[in-house]
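K.L.:
Sharing a structure here in structure tokens format.
Chains as they are written, first to last, in my numbering: chain A, 1 to 694; chain B, 695 to 1388.
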């Protein structure tokens, strides 16, 4: 595969530059004015809380990763091509390589999350402080801090993938890397989602409702856990989410390239490498695009973020066209890339329609809220169901377009679907940067309030925050549709991997065992959602007990003369979140393997299909309905339909609280869930196939 | 097909006996004491309201049925085997036959619903009056009235199916009958669901919340519409629902029997007829089982209903075993029958676990309600998601068992799946009787209160009502799982019909066009649910305006000196419900045909699969979550966790109101939706296949 060497080195270089820029921005942000002593004190609570949680998370995940790594090392040491025959060999080197790739994936994901999170908790106070100076400056601090995570993430991902490719030339080993990244992402995301809403609900119920102190009141022992939660769930979690889709889509397309083109041909080498090239181009485009994200004195932060995204897309399209033409690739891959790219952006903006107070769904939900919480819930939930439709149509169009255009230009249509997913995700550097900006300015607003900054500063941070919410909505739609295309590509990769081992899969819905697999797969995402949401309420009740205990035993806390024990709440939330992950992790990692061994590879194909279908649907439903309820409440708070304190507002608060675990706990973990299930199936596919042939 | 004649005549006879018994019970119930003048007056409002609605519904549906009948007559007059060749003939007789079968299906469904509904609105007041005498007598009146619908329904269904079979010998014509029944059921059920919740929500919001008058207060102009709604939605709607599954499962199994066995063989004739025989045995078993449903002086109505169900099952099993052994059928069909029967009953009782206040989900939801409506909603919704799992596992087990046991005994496994659905549904006579009992005693309780009967009578009707709720939960679980097995059989029938026209379908998830179809099919049930629920809130607001107008213009109403205009509200709800049906009907009937013509028969196969998967999941979620919230509220009202008037109660009321359209509007229509989509696809399959071959 001589042709691939220079490109793989270029990818490695681009990844290194990306990480380098991330480090430079990290330094720049750290050097900004950290503000008044009071602001620094408030920020330090959040920072320390975040570190406590991350430490616990990483200790727990290290144990899981090492255990899984050992299993992988053992399993992949067996030469399963000869399973059941006397000729079965043991080759520990392959097993060790796979296990190392797995650990590398987990570590890269962890490092990117850690960098993103530490800079986010440093940037929030700095952005709030800069808001006293100008909105442009405050925006820059927040956005550059967001870029630290975006760039570190894509940089580390591509370093890992191209490094493994240079070392082994085997996309299946990169699958191990991807599995490591996704398994970590799932636990980080689901754990973070449970953590953040446990703290949020407990802080609200005992503080606002029971005692009657305002939100973000420093006397509330749960308030730090609540603010930590925003960073844990939104920065580290969403970062890990995009990281895992990014890697998974690339490895799926590489696997398809290596199996769908003639073995040993130049085409095979070229098309196996193309996804990596596309990622490299995406990094270059993102690095340039980020330069265009600027806010002038009276500028609009929302428009600045959109400009950055669109510039990045245009540059990527140009670069991709150049590579396809100069590198003598089929035009099919260019069209597939563009189909994915355009669809991702369109779906992102569509999800804005269902969650923004500029459009009918949010306004209508706010309007009917005057008739009570139940009507608010029914209406919001119904619009959430409707919001699934355009995104699914987008995914269908992208799938069919990239398939048939690739076929039209003479290459495999399935490979085209894989490339369209990579095309969509190649601009992840830019997308993740805008996304991480959101929680930073959200926190900046909280700090401005808690530290008693001026009203002008609070107003500026409000403007920044509103743009952050839109960016978040767009990213969520983008992340879900990207994950959908990715898992569809992984699904095909699974069938190819099994096929390469001599088991031809039809995965026909006319086989009852496939239908059984689909039905079992289809209930997994709803069950996963339910378990994480029930954990939230369960853990929130434990935390409420702890807060009540502190208030009872130390009356000085409420009097304001004694600081509450923030760490106890942080630790309780962390402990609860981690122990709630056991069954969900089992569902994600062990269940597909069990289905494969018990019901066979056809049923496992159906199982993956079923989990993809309902996973995408529930992810869209829960994310969009949650965002819609949130903004309907904010719309009422802005003075519409009765304004704060009205019946409509009370109903809106109920809707918002229902939506919280929908959009921040259950919904966003689902993409990662289906990615992990698809990866674990592809990874174990050769063994399941060999077992099946016995 | 000589062998089949005597059996088909026996079926016709059994159907006639069943209808005859229904008529006799109708007379018996009508002759019972109709109580005091006041009670009769209250009952007459409900009866007149129900008639107003039914009249409008039937006029609208007659137009739809005639229009569809004309389309069917034209389309099926073409000899599509020769489409595109010069040899294409026109044979109007087949088209007319198909259209007549379609109309007959719609009429039978309408007549069964009409009989059930008129006897229900006559029986409610009679049962309330009998409650003054003894609980056993009150129970008998209500249950015999329920049996009128159950027996009329299965009787008319089997008369229609065996009549057509005797006349034409062609199961595809029976498909037309089934389509007529299902299309009618869908509109009756969705319309009834919208109607009942429109009235319920409007009556509550304007009466209880705005004006502060009690529930069921006769001064509220919406109160009659509310009580009518119970009959419209629960009696006529659920009856039509089971009717359509019953016919569809039978015709699916007959189609599979006629296509999977060697053409012209004795086996083909025997196995094509077997589903009809099973229905006949089911009617005999139900007629006997109903005799065992008796309540003594201090007896338990819940236990009486369960005894009837179990006796019916045992008798059916015995009769089926006799027929299989004496008729020299494969043992595979006996096992498939039993697998279906047992699974149906087990799933029914499982759904009781998630919706009864004897078990953890309802108790836990009630417990957390003290922390507010949002926590109640999140918890109930999460348990609703969990409740999907056991039912789906049951369906998977029934599918695989009936498939592999049939194969083991040397007949087609797919046919086994079809028979298991018929086995499950063959006891529909008994199941529908218990189900229709529920709303009758619910209404009896309302009348007892509105007519000012003694506390003793109210207490007796309360006991009867509690048993009705359990029966309702069991029926819903049963109906959904039966529909799931039915549509899986129809799905296979679709593929067989297309295959018989020379287009071999794989419906492989590895084909992008199938995946596209699955995704589009999968969003249809959520979209359908959302549209019906949004109609409910929309129409409720119109009705609130009407009620306010009446109160404003005629102050005598609230003073109690002037009767309100009940008919205006009934008519408004009816009008709103019917006009809200246009888009849902389009989704059900036109969309599958469009997908088939545009994306092809493989994509249509995927579309059906996708709609089945999410249809079943959302139906279970919405029915169970709705029932759970309802009973959690009732549990709190019984004095637990603070009792009536507490914070927990207020939260429980919100949950109950959210659950209302879940369980009575959106959830229960979904089975019918997927049945209609499967039927319309099978019906048009030959044309789609011919078009595809052009």
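Cβ coordinates follow ideal geometry from the N, Cα and C atoms, glycine included. Keep in mind the model is a prediction, meaning the values are calculated, not measured.
Does the Cβ of residue 563 of chain A have 16 or more other Cβ atoms within 10 Å, making it buried, or fewer, making it exposed?
P.N.:
exposed
K.L.:
So, does the CB of residue 1041 of chain B fall closer than 7 Å to a CB anywhere in chain A?
P.N.:
For residue 1041 of chain B, the answer is no, since every Cβ of chain A falls outside 7 Å of its Cβ.
K.L.:
Of all the CB atoms in chain B, is at least one closer than 7 Å to the CB of residue 495 of chain A?
P.N.:
yes
K.L.:
Closest by CA to residue 855 of chain B, which one among B:1297, B:1164, B:970?
P.N.:
Of the candidates B:1297, B:1164, B:970, B:970 places its Cα closest to the Cα of residue 855 of chain B.
K.L.:
What does a CB cutoff of less than 6 Å around residue 174 of chain A pick up in its chain, not counting 5 residues either side in sequence?
P.N.:
Cβ within range, chain order: 161, 164, 251.
K.L.:
For residue 1371 of chain B, which residues in the same chain have their Cβ closer than 7 Å to its Cβ, ignoring the five residues on either side in sequence?
P.N.:
1282, 1286, 1302, 1305
K.L.:
Which residues mark the beginning and the end of the alpha helix (DSSP H) in which residue 964 of chain B is found?
P.N.:
960-985
K.L.:
Taking residue 1307 of chain B as the query, report the chain A residues whose CB atoms sit under 8 Å from its CB, ordered along the chain.
P.N.:
The contact set of residue 1307 of chain B on chain A, defined by CB atoms closer than 8 Å, consists of 518, 519, 522, 610, 613, 614 in chain order.
K.L.:
Check the Cβ-Cβ distances between residue 661 of chain A and every residue of chain B, and say whether any is below 7 Å.
P.N.:
Contacts with chain B at 7 Å (Cβ-Cβ) include residue 661 of chain A.
K.L.:
By the criterion of Cβ-Cβ separation under 7 Å, what are the contact partners of residue 1068 of chain B in chain D?
P.N.:
Considering every chain present, this structure includes no chain D. Its protein chains are A and B.
K.L.:
Can a CB atom of chain A be found closer than 7 Å to the CB of residue 1204 of chain B?
P.N.:
With 7 Å as the cut-off, residue 1204 of chain B counts as an interface residue toward chain A.
K.L.:
Could you check which residue in B:1098, B:942, B:916 has the C-alpha nearest to that of residue 800 of chain B?
P.N.:
B:942
K.L.:
Does any C-beta atom of chain B lie closer than 7 Å to the C-beta of residue 415 of chain A?
P.N.:
no
K.L.:
Would a check of beta-carbon distances place residue 1 of chain A closer than 7 Å to chain B?
P.N.:
A caution first: residue 1 of chain A carries a pLDDT of 42, below 50, which makes its placement in the model too unreliable to give a value.
K.L.:
Kindly list the residues whose CB is nearer than 8 Å to the CB of residue 70 of chain A, restricted to its own chain and excluding five residues on each side of it in sequence; keep chain order.
P.N.:
These residues qualify, in order along the chain: 99.
K.L.:
Go ahead and pull the three-state DSSP assignment for residue 1397 of chain B.
P.N.:
This structure cannot settle anything about residue 1397 of chain B, because the visible part of chain B is limited to 695 through 1388.
K.L.:
List, in order along the chain, the chain B residues whose C-beta lies closer than 7 Å to that of residue 250 of chain A?
P.N.:
The contacting residues do not exist; residue 250 of chain A stays about 20 Å from chain B at best.
K.L.:
Check whether the segment 398-406 of chain A and the segment 301-320 of chain A touch, using three or more Cβ-Cβ pairs below 8 Å as the test.
P.N.:
no
K.L.:
Shorter than 7 Å from the beta carbon of residue 1086 of chain B to some beta carbon of chain A?
P.N.:
yes
K.L.:
Would you list, in chain order, the members of the segment 446-460 of chain A that have their beta-carbon closer than 9 Å to a beta-carbon of chain B?
P.N.:
Listed in chain order, the positions of the segment 446-460 of chain A with a beta carbon within less than 9 Å of a beta carbon of chain B would be empty, since no residue qualifies.
K.L.:
Does residue 1097 of chain B get closer than 7 Å to chain A when you measure Cβ to Cβ?
P.N.:
yes
K.L.:
Can you tell which of B:927, B:925, B:898, B:924 has its C-alpha closest to the C-alpha of residue 915 of chain B?
P.N.:
B:898
K.L.:
With H, G and I counted as helix, E and B as strand and the rest as coil, what does DSSP make of residue 712 of chain B?
P.N.:
helix
K.L.:
Residues of chain B with CB closer than 9 Å to the CB of residue 605 of chain A, please, in chain order.
P.N.:
1203, 1204
K.L.:
Unbroken alpha helix (DSSP H) runs of length 4 or more, entirely within the segment 374-435 of chain A: which are they?
P.N.:
413-425
K.L.:
What residue from B:834, B:954, B:790 has the CA that sits closest to residue 871 of chain B's CA?
P.N.:
B:790
K.L.:
Indicate whether residue 242 of chain A and residue 436 of chain A have their beta-carbon atoms separated by less than 7 Å.
P.N.:
no
K.L.:
Helix or strand or just coil, what does DSSP make of residue 503 of chain A?
P.N.:
coil
K.L.:
How many Å lie between residue 42 of chain A and residue 215 of chain A at the Cα?
P.N.:
Here the alpha carbon of residue 42 of chain A sits roughly 15 Å from the alpha carbon of residue 215 of chain A.
K.L.:
Would residue 677 of chain A pass as an interface residue toward chain B - the criterion being a Cβ-Cβ separation below 7 Å?
P.N.:
no
K.L.:
Can you give me the Cβ contacts of residue 254 of chain A inside the same chain, cut-off strictly under 6 Å, excluding the 5 residues immediately before and after it?
P.N.:
171, 272, 275
K.L.:
Going residue by residue through the segment 1245-1306 of chain B, where are the continuous alpha helix (DSSP H) segments of at least 4 residues, counting only ones entirely within it?
P.N.:
1250-1253, 1260-1273, 1276-1279, 1285-1293
K.L.:
Mapping the DSSP letters down to three states, classify residue 1050 of chain B as helix, strand or coil.
P.N.:
coil
K.L.:
Within 10 angstroms of its Cβ, does residue 890 of chain B collect 16 or more other Cβ (buried), or is it exposed?
P.N.:
buried
K.L.:
Let me know the alpha helix (DSSP H) ranges lying completely inside the segment 903-966 of chain B, each 4 residues or longer, listed in chain order.
P.N.:
917-924, 932-954
K.L.:
Taking Cβ-Cβ distances shorter than 9 Å, what residues in chain B pair up with residue 688 of chain A?
P.N.:
Per Cβ cutoff of 9 Å: no residues; residue 688 of chain A is ~17 Å from chain B at best.
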